[in-house]
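Residue numbers (this note's numbering): 18 to 251. Beta carbons: idealized from backbone N, C-alpha and C, even for Gly. Bear in mind that the values here come from a model prediction, so they are computed numbers and not experimental data.
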Ligand code: ADP
Ligand code: ADP
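So this is what it looks like as structure tokens:
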């Protein structure tokens, strides 16, 4: 069965008389090891969908089942515990703690688990080594380039070995070279380490690195027609 099964998900915001239909009957299945790029115009509901997948937000109707567990009915506290254990986040703005070193930022999510100090250390070091920052563990975020900060974020996202990695515009603030470094790293995570990645991006080149591109339009997932034709032509 699918790692992630989104069925008939809708999201409607109501404020007095005003109703905003953000997502309508979204159906999406993600298998373990998939790398999916989610594209679509601003306001099409991408962030809302990511938030629902990761349990930061709840759908108005429909269900989200992750690894056999229906997360739709969980209480807020159960959901946040579930998220910390099973979802790794990568943000456009990094969201690193400025007063913590690269090592301490990566170790942080591990403090929620019942692990000894030396076990945390070896997991954090292993994650930093996967992203190629073993020689920057003692640096503070301000001492690192944007690309390096994003690699710290990636280490922080994978250190807990989550079921799903969610990346929201991960290359949105990066220059050409750093973008390529980060995308190469995503390839490694996905192809060599078997990680499941869902990435929102506006960058077609970034999206092409994913095996599967989905477009959101006005809250409806539409297939990539151009891509489909391309595939059937070759
Ligand atoms: P995207 O990430 O694709 O830019 P979003 O998911 O951020 O899209 O937003 C989709 C739509 O939902 C937008 O029209 C936005 O204004 C609306 N929206 C988001 N959050 C709320 C909210 N809390 N209340 C009302 N409308 C919201
Ligand atoms: P960016 O500008 O890089 O998109 P944002 O601050 O807008 O970064 O956050 C992106 C998304 O991540 C938002 O949808 C927000 O709800 C979510 N988010 C922000 N902080 C956290 C957090 N600490 N844990 C989980 N999700 C978060």
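Inset, instruction - Look up residue 196 in the DSSP assignment and say whether it is helix, strand or coil. - result: helix
Inset, instruction - Report the option in 83, 66, 148 and 39 whose CA atom is closest to the CA atom of residue 22. - result: 83
Inset, instruction - Work out the CA separation of residue 93 and residue 247 for me, nearest whole Å. - result: Confidence at residue 247 is low in this model, with a pLDDT of 49, below 50, so its placement is unreliable and the value that follows should be read with caution. C-alpha separation (whole angstroms): 43 Å.
Legend entry - beta strand (DSSP E) runs wholly inside the stretch 61-102, at least 3 long, in chain order: 78-83
Inset, instruction - Report yes if the C-beta of residue 26 is less than 8 Å from at least one heavy atom of ligand 1; otherwise report no. - result: no
Legend entry - Cut-off 7 Å between Cβ atoms - residues of its own chain near residue 235, not counting five sequence neighbours on either side: 61
Inset, instruction - Could you check what DSSP says for residue 18 in three-state terms: helix, strand or coil? - result: coil
Inset, instruction - Grab me the residues of residue 184's own chain with a C-beta within less than 6 Å of its C-beta, minus the 5 sequence neighbours each way, in chain order. - result: 107 and 216
Inset, instruction - For residue 201, I'd like the list of residues in its chain whose CB is within less than 6 Å of its CB, leaving aside the five on either flank, ordered along the chain. - result: none
Legend entry - Identity of the residues DSSP links to residue 231 by a beta bridge: 55
Inset, instruction - Tell whether a beta-carbon distance below 9 Å holds between residue 131 and residue 173. - result: no
Inset, instruction - Taking 9 Å as the cut-off, decide whether the C-beta atoms of residue 109 and residue 189 are in contact. - result: yes
Legend entry - residue 118, buried or exposed, once every other Cβ within 10 Å from all chains shown has been counted against 16: buried
Inset, instruction - Just the C-alpha distance for residue 238 and residue 178, rounded to the nearest angstrom, thanks. - result: 28 Å
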